[in-house]
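Just so we're aligned: the sequence shown equals residues -16 to -1, 1 to 650 in mature numbering (1 follows the signal peptide of the UniProt record, and there is no 0).
Each remark here refers to the structure printed beneath this line.
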Amino acid sequence: MAALTTPFCLLLLVAASTTLQPLFEPPPLADKCECTSSGDLGSQYAQLACQERGKVTLAAEDTADCENANITQVNISYNALLAYPDIFPHASFVDASHNHIQTMPDSTHIPLNLERLDLSWNRIYQTSNELQNMSRLEILRIAQNEFTSLQFLPDPCRLKELDVSFNDIESIDGPLSQCINLERLDLSYNKIRSLPSSTIGQMRKLQYLDLTRNKVAPFPTDMFANLVQLRRLYLNETNLESVPDGLFNSLSLLLKLGLSRNQLTTLSASAFTGLGNLRLLDLAANDFKVFPSEALAPLTLLHTLNFSANGLTILPADALSPFTRLKMVDFSHNALTHVSPQMFREFRDLTHIILKGNQLSVLPRDLLVSTPSLYYLDLSYNYFESLPLEELAEATNLRLFIYAGNRLRRLPARAFAGLARVRGLSLQENGLSAVAEDAFAAAPALVKLRLHCNDLTALPAAAFSALPLLATLDLHGNRLAALPAGLFAGPRALRRLDLSGNRLSALPQGLFAPLEALQELNLAGNQLTALPATDAFARAGAALALVSLEHNAVAAPDEAALRSWLQPAAPGRFLSLEGNPLRPHALRWLLAEPQVTLWRAPEACGCGAVRRGGVGVRLCVAAECAGGGGGDWVGVVQAAVAPERTPARVRRGRHRAWHAPSAPRR
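See the structure below:
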């Protein structure tokens, strides 16, 4: 048989005492689902949980523990049910969201007293008329399905909340017009092209209306005339080209208005008449070339203004003067070349300024002089060539400073003087090639530091010595070929360290020894031929849980280094060795370790499992699966799921280094 060359997945787990199911193979169906009652609600609340993946139907034995005629609230969400179960006939609230249900339940399945029903995040495409008989239903959530109409709505309609977002609905004619008690209506992300004012106009109690991502514009002037209770209105991406005068005249209680991602180019002076209570206005991603100062003037109570992604080249000095209570302003992704020194004058409550993605090269010295509450400042992706230290000195309460994507080539000594309270600093993609030894000496409160995707080839040994609180350090995507031995002697609180995508071929003895709190270490994409020295694991000991050595040159992981890490008192270890030239028997010794579990992708080869100490050990070498012979391991070792719980960064798959397979729900 020819040698197998298809990559496979190898997963290293150190388990506590829990026997685990392989993550790459569907576990067997549970014999019985767990049904529990809440202590707070006594026997009035039941929660049904099928802990194993693959539970597609519910039988009587599954719910034996739930046979209580008084149960009124049921949660069967996050299973894999293919059909709505015929259980709990007296329930008034059922959450069946996040399943695989394809058809609406019929009359034999629906409790007659049902008041709240959540079927969102299913695959329902076939409707039933039985919902029309649910006269007590007040809350219906069916988002993220495949509905094409609303003909199934209850009649008479007593709904107070209806969420049909993310479906394929094309028309709202018919039963919806009878739902005059609605307080919350979400029609976003459908295919609606017309919105009869006679339908919406009947909903006088409506407080929340979301029409986002429906091509329903233009709107008649009286579209919202009767919605005097409306607090939130979202008309984002509705194909809106203009705002008719008087459209919002009746909305005196409106607090939030979304008009983003439309084709607005200008606003009349009376466009927002009647919106004196508005707190948030989103005009992002339109086609404004001139700031509509006159139209926005009546919005004196505005707290948040999003004017990003327009075509502004000039911003009047008094553009924001009417908004004395402003807390957040976003002018990112415009074409601003300068900002007036008076722009933020006397904004005592302003906490967030976002000027990302413009063409700024100079920051006026007095720009921040009257912003004592400023917490977050984003100047990233502009044309700055140096740090505006004198200007930033006025921002004494600044905590997060984003300065990525500029033209900063080096960090001088005490580069951040005046920023003693800054906790987060982003300097990635600046082309940095040099960092002074005491560059961060004036920023001792730093907790997160991002220096990735620069041109750093070396770092001074004391570069981070003045950062005792540093918890996250990102250096990936530089050109570091070596690291000094004492680099991490100062930041002893470091929990996440990313050194991936550099040119490291070896690591000095003791490099990670001071990092006793280290939890995640990413060394992927370097040229390492061995695991970090034993002390990296032994001293980082109990905390270190995730280590990525993907795409290096490791042929035989050091047994002593691994043994020091795989200690029985420290369960839940994850080591990734994807893309390394592992030798066929490099990890054979792990078979004798009862606390170690090696997982592989079953489609790669068919080696059997060996069980030791109640924990599965599965080891598969490509050459062995092919019937023996030579050949290197061509496999993958990916992220894992902890025996007790899955780290959020692994579970969601959002961290570059860890592409975890889906796991059984806990």
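The beta-carbon is built from N, C-alpha and C at its ideal position, and this holds for glycine as well.
For clarity, every value in this text was computed on a predicted model and none was experimentally measured.
- Residue state for Glu145 is assigned as strand, using DSSP reduced to three classes.
- In this structure, Ala209 places its C-beta atom within 7 angstroms of the C-beta atom of Ser234.
- Around the beta-carbon of Leu96, fewer than 16 other beta-carbon atoms lie within 10 Å, marking it exposed.
- For a cut-off of 8 angstroms, the C-beta gap from Gln511 to Arg487 is around 6 angstroms, short enough to register as a contact.
- Using a 10 angstroms sphere on the CB of His535, the tally of other CB atoms reaches 16 or more, which defines it as buried.
- Apart from sequence neighbours up to five positions away, the residues of its chain that approach Leu190 with a beta-carbon distance below 7 angstroms are Leu166, Glu167, Leu169, Leu211, Gln213, Leu214, ordered along the chain.
- With a 10 Å radius around the Cβ and a threshold of 16 neighbouring Cβ atoms, Gly295 comes out exposed.
- Bounds of any alpha helix (DSSP H) do not take in Thr308, whose DSSP letter is neither H nor E.
- Per DSSP, the continuous alpha helix (DSSP H) segment holding Ser181 begins and ends at 181 to 184.
- Between the segment 467 to 483 and the segment 418 to 428, the count of C-beta pairs closer than 8 angstroms stays below three; the two stretches do not touch.
- For Ile386, DSSP records a beta bridge to Asp362, Ser410.
- Between Arg349 and Phe328, the alpha-carbon positions lie close to 12 angstroms from each other.
- Annotated three-state conformation of Asn59 is strand, per DSSP.
- Relative to the Cα of Ala466, the nearest Cα in the group Asn174, Phe136, Leu507, Ser182 belongs to Leu507.
- Within the same chain, Ser277, Gln326 come within 8 angstroms of Asp302 by CB-CB distance, once the 5 residues on both sides are set aside.
- For Glu278, the three-state secondary structure derived from DSSP is helix.
- Gly158 sits exposed, since fewer than 16 C-beta atoms from the chains shown fall within 10 Å of its C-beta.
- Nearest C-alpha to Tyr109 among Gln493, Asp229, Tyr62, Gln86: Gln86.
- Excluding its 5 nearest sequence neighbours in each direction, Ser119 has C-beta neighbours in its own chain below 7 angstroms: Pro138, Pro140, Arg142, listed in chain order.
- In the DSSP assignment, Leu376 falls within the alpha helix (DSSP H) that extends over 373 to 376.
- The continuous beta strand (DSSP E) containing Ile337 extends over residues 336 to 338.
- Here DSSP, grouped into helix, strand and coil, assigns Arg125 to strand.
- For Leu471 and Ser449, the gap between their C-alpha atoms comes out near 8 angstroms.
- For Ala544, the three-state secondary structure derived from DSSP is helix.
- Secondary structure of Asn506 (DSSP, three-state): strand.
- Contact annotation, Leu299 with Val323: C-beta distance approximately 6 angstroms; criterion of less than 8 angstroms satisfied.
- The C-beta separation of His436 from Leu453 comes to about 20 angstroms, leaving the pair out of contact by the 8 angstroms criterion.
- Annotation for Ala293: Ala268, Ala269, His317 place their beta carbon closer than 6 angstroms to its own, counting only its chain and skipping 5 residues before and after.
- With a beta-carbon spacing of about 14 angstroms, Phe256 and Leu237 fall beyond the 8 angstroms limit used to define contacts.
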